[in-house]
Amino acid sequence: MSYPREYESSLQRTEAFWLKQAGQLHWFKEPSKACQLKANGTADWFADGELNVSFMALDYHVDNGRGDQIALIYDSPVTETKQQYTYLQLRDEVALFAGLLKKHHVKKGDRVVIYMPMIPQAAIAMLACARLGAIHSVVFGGFAPHELAVRIDDATPKVVVTASCGVEVNRVIPYKPMVDKAIAEAVHKPANVMVYQREQCHADLTQPGDLDWQAEVAKVTPAECTVVPSTHPLYVLYTSGTTGKPKGVVRDTGGYAVALKYSMQTVYDIKPGQVMFTASDVGWVVGHSYIVYGPLLAGATTILYEGKPVRTPDAGAFWRICSEYKVAVLFSAPTAFRAVKKEDPEGKLLEQYDLSSLERIYMAGERLDPPTYEWTTEVTGKPVYDHWWQTESGWPICANPVGIAEHPIKPGSATLPMPGYDVRILDYKGQEIAANEQGAVAIKLPLPPGCLTTIWNDEARFVSGYLREFDGYYSTGDGGYKDDDGYVFIMGRTDDVINVAGHRLSTGEMEEVLAKDTAVAECAVIGVQDSLKGQVPVGLVITKDGVTISDDELSSRLVQLVRDEIGAVACLKKILVVPRLPKTRSGKILRRVLRQIADGEEVVVPSTIDDPTCIDEIRERLS
Numbered sequence: 001m002s003y004p005r006e007y008e009s010s011l012q013r014t015e016a017f018w019l020k021q022a023g024q025l026h027w028f029k030e031p032s033k034a035c036q037l038k039a040n041g042t043a044d045w046f047a048d049g050e051l052n053v054s055f056m057a058l059d060y061h062v063d064n065g066r067g068d069q070i071a072l073i074y075d076s077p078v079t080e081t082k083q084q085y086t087y088l089q090l091r092d093e094v095a096l097f098a099g100l101l102k103k104h105h106v107k108k109g110d111r112v113v114i115y116m117p118m119i120p121q122a123a124i125a126m127l128a129c130a131r132l133g134a135i136h137s138v139v140f141g142g143f144a145p146h147e148l149a150v151r152i153d154d155a156t157p158k159v160v161v162t163a164s165c166g167v168e169v170n171r172v173i174p175y176k177p178m179v180d181k182a183i184a185e186a187v188h189k190p191a192n193v194m195v196y197q198r199e200q201c202h203a204d205l206t207q208p209g210d211l212d213w214q215a216e217v218a219k220v221t222p223a224e225c226t227v228v229p230s231t232h233p234l235y236v237l238y239t240s241g242t243t244g245k246p247k248g249v250v251r252d253t254g255g256y257a258v259a260l261k262y263s264m265q266t267v268y269d270i271k272p273g274q275v276m277f278t279a280s281d282v283g284w285v286v287g288h289s290y291i292v293y294g295p296l297l298a299g300a301t302t303i304l305y306e307g308k309p310v311r312t313p314d315a316g317a318f319w320r321i322c323s324e325y326k327v328a329v330l331f332s333a334p335t336a337f338r339a340v341k342k343e344d345p346e347g348k349l350l351e352q353y354d355l356s357s358l359e360r361i362y363m364a365g366e367r368l369d370p371p372t373y374e375w376t377t378e379v380t381g382k383p384v385y386d387h388w389w390q391t392e393s394g395w396p397i398c399a400n401p402v403g404i405a406e407h408p409i410k411p412g413s414a415t416l417p418m419p420g421y422d423v424r425i426l427d428y429k430g431q432e433i434a435a436n437e438q439g440a441v442a443i444k445l446p447l448p449p450g451c452l453t454t455i456w457n458d459e460a461r462f463v464s465g466y467l468r469e470f471d472g473y474y475s476t477g478d479g480g481y482k483d484d485d486g487y488v489f490i491m492g493r494t495d496d497v498i499n500v501a502g503h504r505l506s507t508g509e510m511e512e513v514l515a516k517d518t519a520v521a522e523c524a525v526i527g528v529q530d531s532l533k534g535q536v537p538v539g540l541v542i543t544k545d546g547v548t549i550s551d552d553e554l555s556s557r558l559v560q561l562v563r564d565e566i567g568a569v570a571c572l573k574k575i576l577v578v579p580r581l582p583k584t585r586s587g588k589i590l591r592r593v594l595r596q597i598a599d600g601e602e603v604v605v606p607s608t609i610d611d612p613t614c615i616d617e618i619r620e621r622l623s
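Counted from 1, the sequence shown has number 352 at position 352 by UniProt numbering; the numbering is strictly sequential.
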């Protein structure tokens, strides 16, 4: 089927289209209906179907003769460790850890917070939760204790699963003290903390409920799969909002499994037995979808990489992985390739490796700027595809449907909407606008399978944050346009969430941290363009009258404060002390004006500004 026919079929014959896709997976009870509309315009998918996604991803392949195929490759240049798991071995490890969770009374519907580095046990813990019908919430390993505490209070997990440490270049980061600090701060107290002991750092298990993963798992029997309804939550994944309170995106089980299996064919054209290398982290949605669940559902081999694109040991790290494991598809954020380009602009390190197996390179997580696209294409000689999606969508909204029919690449565009996504460009009144005009990118309801179903414990926030802006549409929060060929161009966020190296971070959350300092009267955090990371945050603060601290001392203190409360991932390293900020007469800080100044753009001064003379002051400080 051609792309136009498949796309139209997904929108016009929704039931038949998605039931056909669901038929490619093993259900314990086949769904009889695909889409069941809800009052808010969204849908429950395959509601009467019953399944277990861990069974689909592991047991099914073992039962059908793929048990000896490599399922997961662990490659860690930071610890000089390599390990491979067949589907049978991974299934058995998952069943054992599920047995340990079950022994400690984790059951269907219970939450488990996973705070892990990029080691196989992170994926094992996720799949073990899925095996029991428990709802996992993975928190990026190394997040500050306060951020972990906030998520513990929101998810109220029965158990926290962690490792003794994370390992970076020339640095070992103990995790257990951070977990202990987070639990001490949190109101909710998990019953157990299960710790995987790594040889680089041994954790002291001194708190009530502390358990040693390796010692305890030796005492249990493997757990069987728990059958769950399609609509049962598989996980809660927290993403930054425009307020300090993180949003727990809820993903269902059946719809997500169907969407991932479909995307592995349609977007990535990965066949059973092929190798997919997604250079991300299991703490992000990319890691959930295309390190853990997607490749395993497809019967492929996935790579879990504990390292960086550069300095582990050099800018040839990605190319080594692709050569050594005969990778067919490589997927990472544009910022990773910008880092490689910065350290090896001529691509000389690539000459050491055989990339003959590499068929395609994918980038997502932020806009793929044309220079990065052109450089990667030139040095690798491989097709490079931009594609666009969100934590909320769970799988690509727009991509090049190479599994159906490859389309010409247009640098700067994520290509075409994927089947199931009715993407429209709207004006502020919610009216669709003409081709080549910029507006708000929205998706006509209902969303296809695999997308978020709600916000954990906050249905009102789900409706107000995504469904209220445009009646009958999901608001993506991104701006962009379609060209005459229907190609979608995403131009950036329409809110104050910035994108640092593919990680969405809330400027509002950073502002809340800065405002805690006793010297700070007012502050604003903006994202400014950065050639390596896409965007980096810059803080502007006004000090209280009578404060005698020097600007340099205050700046250093505030940078450390943000690092302590949010973590190094915030990447806030520049603080400017300013006499005043541009505001409307009603007192709203004009962040768009600040961004325009910082990026050297023409400043559009709104008529509502209170005092235009402050713009020159800010420009001088930002230059």
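Even glycine gets a Cβ: it sits at the ideal position worked out from N, Cα and C.
Practice item. Report the residue from V441, E30, G141 and C451 whose alpha carbon sits nearest the alpha carbon of V250. Key: Numbered from 1 along the sequence shown, position 250 holds the residue referred to as residue 250. It is C451 whose Cα lies nearest to the Cα of V250.
Review point. Can you tell which of V167, V113 and T226 has its C-alpha closest to the C-alpha of A191?
Key: On the sequence shown, residue 191 is found 191 positions in, with the first residue counted as 1. Nearest option by C-alpha distance: V113.
Practice item. List the DSSP bridge partners of E306. Key: Start at 1 with the first residue of the sequence shown, and residue 306 comes out as number 306. Answer is none; E306 lacks a bridge partner.
Review point. Straight-line CA distance for S555 to A123?
Key: The count along the sequence shown starts at 1 and reaches residue 555 at position 555. The count along the sequence shown starts at 1 and reaches residue 123 at position 123. Their Cα atoms are separated by approximately 39 Å.
Practice item. Measure the C-alpha to C-alpha separation of A34 and L445 and round it to an integer number of angstroms. Key: Position 34 of the sequence shown holds residue 34. Position 445 of the sequence shown holds residue 445. For A34 and L445, the distance between alpha carbons rounds to 15 Å.
Review point. Considering only C-alpha positions, which residue in the set P579, D281, Y60 and A317 is nearest to M116?
Key: By one-based count along the sequence shown, residue 116 stands at place 116. Ranking P579, D281, Y60 and A317 by Cα distance to M116 puts D281 first.
**Study point:** Limits of the unbroken beta strand (DSSP E) element including Q84
**Key:** Numbered from its first residue, the sequence shown carries residue 84 at position 84. It spans T81 to T86 - the beta strand (DSSP E) in which Q84 sits, taken as one unbroken run.
Exercise for review: Just the C-alpha distance for L19 and S32, rounded to the nearest angstrom, thanks.
Suggested key: Taking the first residue of the sequence shown as position 1, residue 19 is located at position 19. Taking the first residue of the sequence shown as position 1, residue 32 is located at position 32. Those two C-alpha atoms are separated by around 8 Å.
Check your understanding: Quick one: what's got a C-beta closer than 8 Å to F318's C-beta in the same chain, skipping five residues either side?
Key -> Walking along the sequence shown from the start, residue 318 turns up at place 318. In the same chain as F318, and ignoring 5 residues on each side of it, the C-beta atoms closer than 8 Å to its own belong to F277, A279, P309, L330, S332, A336 and V340, in chain order.
Check your understanding: Between the segment 499-510 and the segment 365-380, do at least 3 Cβ pairs fall closer than 8 Å?
Key -> Yes, since at least three Cβ pairs between the segment 499-510 and the segment 365-380 fall closer than 8 Å, the two stretches touch.
Practice item. Quick one: grab the DSSP three-state call for D611. Key: Position 611 of the sequence shown, counted from the start, is the residue given in the question as residue 611. The answer is coil: DSSP assigns D611 none of H, G, I, E or B.
Review point. Do you know how far the Cα of Q529 is from the Cα of R592?
Key: Translated into positions along the sequence shown, residue 592 becomes position 592. Translated into positions along the sequence shown, residue 529 becomes position 529. Distance between the alpha carbons of R592 and Q529 is about 13 Å.
Check your understanding: Under a Cβ-count criterion, where at least 16 other Cβ atoms within 10 Å of its own Cβ denotes burial, should Q83 be classed as buried or exposed?
Key -> One-based indexing of the sequence shown puts residue 83 at position 83. The residue is exposed, with fewer than 16 neighbouring Cβ atoms inside 10 Å.
Practice item. Please say whether T231 and D354 have beta carbons closer to each other than 9 Å? Key: As a first step, residue 354 must be located in the sequence shown, where it is residue number 354. As a first step, residue 231 must be located in the sequence shown, where it is residue number 231. Taking 9 Å as the Cβ cut-off, D354 and T231 do not qualify as a contacting pair.
Practice item. Could you please give me the residues that DSSP links to V528 through a beta bridge? Key: Walking along the sequence shown from the start, residue 528 turns up at place 528. Beta-bridge pairing links V528 to V536.
Review point. Could you give the distance in angstroms between the alpha-carbon of G465 and the alpha-carbon of T453?
Key: In the sequence shown, the residue the question calls residue 465 occupies position 465. In the sequence shown, the residue the question calls residue 453 occupies position 453. Counting only the Cα atoms, T453 lies some 13 Å from G465.
Review point. Can you round the beta-carbon distance between V78 and E168 to whole angstroms, since I take them to be within the 8 Å contact cut?
Key: By 1-based counting over the sequence shown, the position of residue 78 is 78. By 1-based counting over the sequence shown, the position of residue 168 is 168. The C-beta distance from V78 to E168 rounds to 6 Å, short enough to meet the 8 Å contact threshold.
Check your understanding: What number of angstroms, rounded off, separates the C-alpha of L96 from the C-alpha of L350?
Key -> Counting from 1 along the sequence shown, the entry for residue 96 is found at position 96. Counting from 1 along the sequence shown, the entry for residue 350 is found at position 350. When rounded, the distance between both Cα atoms is 41 Å.
Exercise for review: Report whether the distance from the Cβ of G299 to the nearest heavy atom of the ligand MG is below 8 Å.
Suggested key: Among the ligands in the structure shown, none appear at all, so the ligand MG cannot be discussed.
Practice item. Output the distance between the C-alpha atoms of I303 and V292, rounded to the nearest integer angstrom. Key: For the purposes of this step, residue 303 is identified with residue 303 of the sequence shown, where counting begins at 1. For the purposes of this step, residue 292 is identified with residue 292 of the sequence shown, where counting begins at 1. Rounded to the nearest angstrom, the two C-alpha atoms are 9 Å apart.
Check your understanding: Three-state secondary structure (DSSP) at S2?
Key -> The residue labelled residue 2 in the question sits at position 2 within the sequence shown. S2 falls in the coil class under three-state DSSP.
Check your understanding: What are the start and end residues of the beta strand (DSSP E) that includes F17?
Key -> The residue labelled residue 17 in the question sits at position 17 within the sequence shown. Per DSSP, F17 is not a residue of any beta strand (DSSP E); the alpha helix (DSSP H) it occupies stretches across T14 to A22.
Check your understanding: If you follow the beta strand (DSSP E) that L72 is part of, which residue opens it and which one closes it?
Key -> Here residue 72 refers to the residue found at position 72 of the sequence shown. Run containing L72: I70 to S76, per the beta strand (DSSP E) assignment.
**Study point:** Selection from A442, M491 and N457 that minimises the alpha carbon distance to R468
**Key:** Looking up residue 468 in the sequence shown gives position 468. For R468, the nearest C-alpha among the options comes from A442.
**Study point:** Nonlocal neighbours in the same chain, by C-beta distance under 6 Å from E343, ignoring five residues either side
**Key:** Indexing the sequence shown from 1 puts residue 343 at position 343. Non-local beta-carbon contacts of E343 in its own chain, meaning distances under 6 Å to residues more than five positions away in sequence, involve V310 and A315 in chain order.
**Study point:** Unbroken alpha helix (DSSP H) run spanning P174, endpoints
**Key:** Mapped onto the sequence shown, residue 174 falls at position 174. For P174, no alpha helix (DSSP H) segment is defined; the enclosing uninterrupted segment is the beta strand (DSSP E) at R171 to P174.
Review point. Is it buried or exposed for V121, if we count other Cβ within 10 angstroms and need 16 for buried?
Key: Position 121 of the sequence shown, counted from the start, is the residue given in the question as residue 121. Looking at the sequence provided, one finds Gln at residue 121 rather than Val. Q121 comes out buried.
**Study point:** Contacting residues, own chain, Cβ-Cβ under 8 Å from G41 (five flanking each side not counted)
**Key:** To locate residue 41, count along the sequence shown from 1; it is residue 41. Beyond the five residues adjoining it in sequence on each side, G41 comes within less than 8 Å, by CB distance, of L445, P446, L467 and G472 in the same chain, given in chain order.
Review point. What number of angstroms, rounded off, separates the C-alpha of E50 from the C-alpha of G254?
Key: For the purposes of this step, residue 50 is taken as the residue at position 50 of the sequence shown. For the purposes of this step, residue 254 is taken as the residue at position 254 of the sequence shown. C-alpha of E50 to C-alpha of G254: approximately 8 Å in a straight line.
Point to revise | Cβ-based neighbour list, G412, same chain, cut-off 7 Å, excluding 5 preceding and 5 following | key: For the purposes of this step, residue 412 is taken as residue 412 along the sequence shown, with counting starting at 1. So the qualifying residues of the chain are P370 and F489.
**Study point:** Cβ-based neighbour list, L11, same chain, cut-off 6 Å, excluding 5 preceding and 5 following
**Key:** Residue 11 sits at position 11 when you count from the first residue of the sequence shown. Within the same chain, L11 has close Cβ partners D422.
Review point. Is the CB-CB distance between V520 and V541 below 9 Å?
Key: Within the sequence shown, residue 520 is the residue found at index 520, counting from 1. Within the sequence shown, residue 541 is the residue found at index 541, counting from 1. Contact: yes.
Practice item. From the DSSP output, read off the bridge partner residues of T253. Key: Against the sequence shown, residue 253 aligns to sequence position 253. In the DSSP assignment, T253 is bridged to no other residue.
Practice item. Take T81 as the anchor and find which of G347, T312, R131 and P396 has the nearest alpha-carbon. Key: Translated into the one-based positions of the sequence shown, residue 81 becomes position 81. Ranking the options by Cα distance to T81, first place goes to T312.
Exercise for review: With V167 as the anchor, note down where its beta strand (DSSP E) starts and where it stops.
Suggested key: By 1-based counting over the sequence shown, the position of residue 167 is 167. Looking at the DSSP string, the run of the beta strand (DSSP E) that includes V167 is C165 to E168.
Practice item. Assign A215 to buried or exposed, taking buried as 16 or more other Cβ atoms, counted over all protein chains shown, within 10 Å of its Cβ. Key: Here residue 215 corresponds to residue number 215 of the sequence shown, with the count starting at 1. With fewer than 16 other beta carbons inside 10 angstroms of its own, A215 counts as exposed.
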